[in-house]
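The structure under discussion appears below in the form of C-alpha cells.
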Amino acid sequence: DTGVSQDPRHKITKRGQNVTFRCDPISEHNRLYWYRQTLGQGPEFLTYFQNEAQLEKSRLLSDRFSAERPKGSFSTLEIQRTEQGDSAMYLCASSLGVTDTQYFGPGTRLTVL
Amino acid sequence: AQSVTQPDIHITVSEGASLELRCNYSYGATPYLFWYVQSPGQGLQLLLKYFSGDTLVQGIKGFEAEFKRSQSSFNLRKPSVHWSDAAEYFCAVGARDTGNQFYFGTGTSLTVIP
Chain R
1 DTGVSQDPRH KITKRGQNVT FRCDPISEHN RLYWYRQTLG QGPEFLTYFQ
51 NEAQLEKSRL LSDRFSAERP KGSFSTLEIQ RTEQGDSAMY LCASSLGVTD
101 TQYFGPGTRL TVL
Chain F
1001 AQSVTQPDIH ITVSEGASLE LRCNYSYGAT PYLFWYVQSP GQGLQLLLKY
1051 FSGDTLVQGI KGFEAEFKRS QSSFNLRKPS VHWSDAAEYF CAVGARDTGN
1101 QFYFGTGTSL TVIP
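Now the structure itself:
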C-alpha cells in the first residue's frame, strides 16, 4: 500500500494528557499537511511542511499543538494538555508539489474524556 | 479571505436519478478546485480537480464538475446515481499563493433511495 498512513487510527485519552499522532506520507511527496475535522464540518487546515521545513503554523489551534517533520519523511502532531474540545478527527495529507493534488490518510480519531 | 460554501447540507435522490451538488467559493485569484468524497470510516478520496484549462472536468466514478468563474461556482454532477454513491461530499479550494492549503466546505451528505 503506497497511500498515506496514520497511526494510531483511534486514540482515547483523559483530559490533561499529551497525545502524539504519526503520519507517513506517500513516498517522495515533499509536502505534508495536517487538518482537523470535527463532526459535521469539513477539514480545517492546521499546518504544513515542505520537506522538513514547517512553512505555515499560524493556523495551529493553540500553543498546545505542535508538529514536526524532522527528516522530511514522516511527521508527528502533538497535543499537550488535551481538552475535551480537542476531540476530533486529525487528518494528514501529502502532495508532490505545491500545485499537486493532496492525498489524504484515513485519519486519527481522538476522543478526550 | 478564502472560503467555500456548500449550500446543501443533505440531499436525497433516487437511484438512477441525476445529481448536482453545489459549491461556491471565495478566492481572489484563479483557484485550484477539488471535490472529495468521504464514506463512513474512510479517508477523503479525490473525485476530480480543476487547475486550469477546460472548465468541464471529468472525474472518477462518472462524476464531472464545471468551473464557472462568473458565478464563483464548481458544481459536481452525475447523470445517474448509484446506491454506492451515498457518502459525504466535500468541495475544497486550494489557496495557491499560500502553499496550497485547502479550504473545505462543510460538506453535503448524500442519501440514495433504492
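Just so you know, the sequences run in chain order R and F. Everything in the first sequence is counted per the working numbering, starting at 1 for the first residue and increasing by one. Everything in the second sequence is counted per the working numbering, starting at 1001 for the first residue and increasing by one. Here a beta-carbon is modelled for each residue, glycine too, at the ideal position from N, C-alpha and C.
For D7/R, the residue or residues it bridges with in DSSP: According to DSSP, which records beta bridges pairwise, D7/R is partnered with R22/R.
Give me, in chain order, the residues of the same chain whose beta-carbon lies closer than 6 angstroms to that of F1034/F; leave out the 5 immediate sequence neighbours on both sides. K1049 and A1092
Got a sec: is the Cβ-Cβ distance from G1043/F to anything in chain R below 7 angstroms? yes
7 angstroms Cβ cut-off: residues of chain F touching T108/R: Those do not exist, as T108/R stays about 11 angstroms from chain F at its closest Cβ, beyond 7 angstroms.
Kindly provide the ranges of any beta strand (DSSP E) runs that are 3 or more residues long and lie completely inside the region 52 to 109 of chain R, ordered along the chain. 53 to 56, 65 to 68, 75 to 79 and 88 to 95
What does DSSP give as the partner residues of K1049/F in its beta bridges? F1034/F
Own chain, CB closer than 8 angstroms to E1088/F, minus 5 neighbours either side, in chain order: V1037, Q1038, S1039, G1107, T1108, S1109 and L1110
Please classify D181/R: is it buried, with 16 or more other beta-carbons within 10 angstroms of its beta-carbon, or exposed? Residue numbering for chain R in the displayed model covers 1 to 113; residue 181/R lies beyond these limits and cannot be assessed.
Rounded to the nearest angstrom, what separates T101/R and Y1032/F at their Cα positions? Whole-angstrom Cα-Cα distance: 9 angstroms.
Taking 7 angstroms as the CB-CB limit, is Q1101/F close to chain A? The structure shown contains no chain A; its protein chains are R and F.
Within 10 angstroms of its Cβ, does W1083/F collect 16 or more other Cβ (buried), or is it exposed? exposed
Where Q37/R falls: helix, strand or coil (DSSP): DSSP places Q37/R within a strand segment (E or B) once states are collapsed to three.
How is the beta strand (DSSP E) around T1012/F delimited, first residue to last? H1010 to S1014
Taking a Cβ distance cut-off of 8 angstroms, strictly less, list which residues of the region 16 to 47 of chain R are near chain F, in chain order. For the region 16 to 47 of chain R, which is checked against every Cβ of chain F, the residues closer than 8 angstroms are R31, Y33, Y35, G40, Q41, G42, P43, E44 and F45.
Answer with buried or exposed for Q1058/F, where buried requires no fewer than 16 other C-beta atoms within 10 angstroms of its C-beta. With fewer than 16 Cβ atoms within 10 Å of its Cβ, Q1058/F is classed as exposed.
Please confirm if T1005/F has its CB atom under 7 angstroms from at least one CB of chain R. no
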